[in-house]
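S.K.:
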Ligand code: B4P
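Residue numbers (this note's numbering): 2 to 185.
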């Protein structure tokens, strides 16, 4: 099973990804987690990424694609879930090319539908370094401009499914399992 989780920052991708990968025993690939690990280890890449993440921007496609390519070649035979990637059209196009080469196309893209008022409340409550009000606003602007066009990109390919991302975490997980059980 090969899945993408698509949605605005704070729409619950990371929260649901943990449940889904435990339920289906597939690999979890989160570009946010990979970048935060680089920041924590204080690598050169991490130092560059931290400034961008704290300002609410997107880390460059080259850096993110390099990290993803490495992970996809490592341990993806039993399936994977991409969480927070792709976030731009060039990332989506490069991913398609990589997966075609590996013979492992995406089965389904789950889009989390959550309004921005709810997102602002959730992220302000979380208090991560990049969760200040100004940074969240910037992240939502970047999302609108660069990531939201992926909804139409995957709709056109015919594999986008929308999930209402508001409500109890467990109820949202059940909605997702219903969709994924159908493609298993
Ligand atoms: P990410 O780590 O991807 O983080 P996110 O978008 O903020 O969070 P997510 O949607 O996973 O929400 P979560 O479940 O945590 O990105 C961080 C930064 O890394 C980006 O801004 C960017 O700079 C960089 N980056 C990452 N990937 C990149 C890429 N591909 N290209 C370029 N740059 C990249 O949930 C948020 C909160 O809501 C939590 O506190 C959670 O407890 C709560 N919550 C979840 N579900 C809920 C529910 N149903 N009800 C109430 N609260 C809920």
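Glycine included, every Cβ here is placed at the ideal spot set by N, Cα and C.
Predicted, not measured: the structure shown is a model, and the values here were computed from it.
(1) Considering residue 2, what are the terminal residues of the alpha helix (DSSP H) in which it resides?
(2) When we look at the beta-carbon of residue 185 and count the other beta-carbons within 10 Å, is it buried (16 or more) or exposed?
(3) Which class does residue 163 belong to by DSSP, given the choice of helix, strand or coil?
(4) Tell me whether residue 61 sits in a helix, a strand or coil according to DSSP, three-state version.
(5) Would you mind giving the Cβ-Cβ distance between residue 81 and residue 3, rounded to the nearest angstrom? I have them listed as a contact below 8 Å.
(6) Hey, quick one: how far does the beta strand (DSSP E) through residue 110 stretch, first residue to last?
(7) Can we count residue 16 as close to ligand 1, meaning its CB is less than 6 Å from some heavy atom?
(8) Looking only at its chain, what residues have a beta carbon closer than 7 Å to the beta carbon of residue 132, apart from the 5 residues adjacent to it on each side?
(9) Would you call the stretch 101-112 and the stretch 40-58 in contact, with 3 or more CB pairs under 8 Å?
M.R.: Put simply:
(1) Residue 2 -> no alpha helix (DSSP H), and no H or E assigned at all.
(2) Exposed, because fewer than 16 other Cβ atoms sit within 10 Å of the Cβ of residue 185.
(3) strand
(4) Looking at residue 61 - three-state DSSP - the assignment turns out to be coil, as it is neither helix nor strand.
(5) 6 Å
(6) Note, residue 110: beta strand (DSSP E), 109-114.
(7) yes
(8) Answer for residue 132: 124, 125, listed in chain order.
(9) no
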